[in-house]
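Protein chains: 2
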Amino acid sequence: MCKVNIYITLKEAVLDPQGKVISQSLKDLEYDGVRDVRTGKYLQVELADRENAEQKIEDMCNRLLANPVIEDYTYTIEEVV
Amino acid sequence: MCKVNIYITLKEAVLDPQGKVISQSLKDLEYDGVRDVRTGKYLQVELADRENAEQKIEDMCNRLLANPVIEDYTYTIEEVV
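Heads up: the sequence lines are chains A and B, in that order.
For the first sequence, the working numbering gives the first residue as 22, with consecutive numbering after it.
For the second sequence, the working numbering gives the first residue as 22, with consecutive numbering after it.
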């Protein structure tokens with residue numbers, strides 16, 4: 022079994038209005054040091070099998086989990102014994 | 022300046038219907054090895070100042086970014102020169 026952590030973020034060039042709102046809200050709460058906030062998604066996927074996990078995960082991201090046109094993704098895999 | 026990555030997840034005991042849907046969709050796409058999917062949020066926050074960053078971030082999470090009743094959060098801080 023293995024656990025995969027997937028981090029999906031908007032590409033640099035894509036506007037992130039949700040991040041802008043969070044950033045402004047933090048400033049309204051007097052956190053003046055906040056320069057920028059970008060939002061993304063975090064998925065924890067449990068796979069039965071470590072074999073070919075990289076390929077499967079990339080495939081899943083491209084087909085369903087992320088939108089490759091506007092989003093980037095990275096992932097880490099930890100094997101669980 | 023420092024960059025903070027915040028990972029917000031639902032607590033173990035909290036149902037995650039969105040994760041269940043993703044998990045089922047992946048199975049429908051013939052990814053049979055998928056055992057479970059949990060969804061979360063991923064925030065990238067840029068702070069002007071490294072000083073007291075831990076305390077500020079925890080404060081932000083508790084007040085605005087996460088819902089401490091149903092969500093857990095972790096974070097990593099990287100200093101940028």
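Here a beta-carbon is modelled for each residue, glycine too, at the ideal position from N, C-alpha and C.
Only a predicted model underlies this, so the values are computations on that prediction, with no experimental measurement involved.
Of the listed residues the options, nearest to residue i (C-alpha basis)
i     : options             : result
D53/A : E72/B, T97/B, I98/B : E72/B
L99/A : I29/A, L36/A, A69/A : Here residue 99/A turns out to be Glu, not Leu, going by the sequence shown. If we check each option's Cα against that of E99/A, A69/A comes out closest.
G61/A : R84/A, V25/A, Q39/A : Q39/A
V58/A : L86/B, V90/B, I91/B : L86/B
E51/B : R56/A, D80/A, I27/A : D80/A
E33/B : V42/B, I43/B, I91/B : I91/B
DSSP-derived helix/strand/coil call for residue i
i     : result
E79/A : helix
V90/A : coil
V42/A : helix
L64/A : strand
Residue i: contacting residues in chain B (beta-carbon distance under 8 Å)
i     : result
L31/A : Here the premise fails: no neighbours, minimum Cβ distance about 10 Å.
Span separating the alpha-carbon of residue i from that of residue j
i      : j     : result
C82/B  : D93/B : 9 Å
C23/A  : Q65/A : 10 Å
Q45/A  : R84/B : 14 Å
V55/A  : L47/A : 7 Å
V25/B  : D49/A : 19 Å
A74/A  : P89/A : 19 Å
V102/A : E67/A : 13 Å
Y28/B  : Y63/A : 7 Å
T30/A  : I78/A : 16 Å
task: Note down, in chain order, all residues in the region 54 to 68 of chain A with a beta-carbon under 8 Å from any beta-carbon belonging to chain B.
output: G54, V55, R56, D57, V58, R59, T60, G61, K62, Y63, L64, Q65, V66, E67, L68
task: Pull out every residue of the region 76 to 100 of chain B whose Cβ sits closer than 9 Å to any Cβ of chain A, in chain order.
output: K77, D80, M81, R84, L85, L86
- prompt: Listed from N- to C-terminal order along the chain, which residues in the region 36 to 51 of chain B have their beta-carbon within a distance smaller than 9 Å of any beta-carbon of chain A?
  reply: G40, I43, S44, S46, L47, L50
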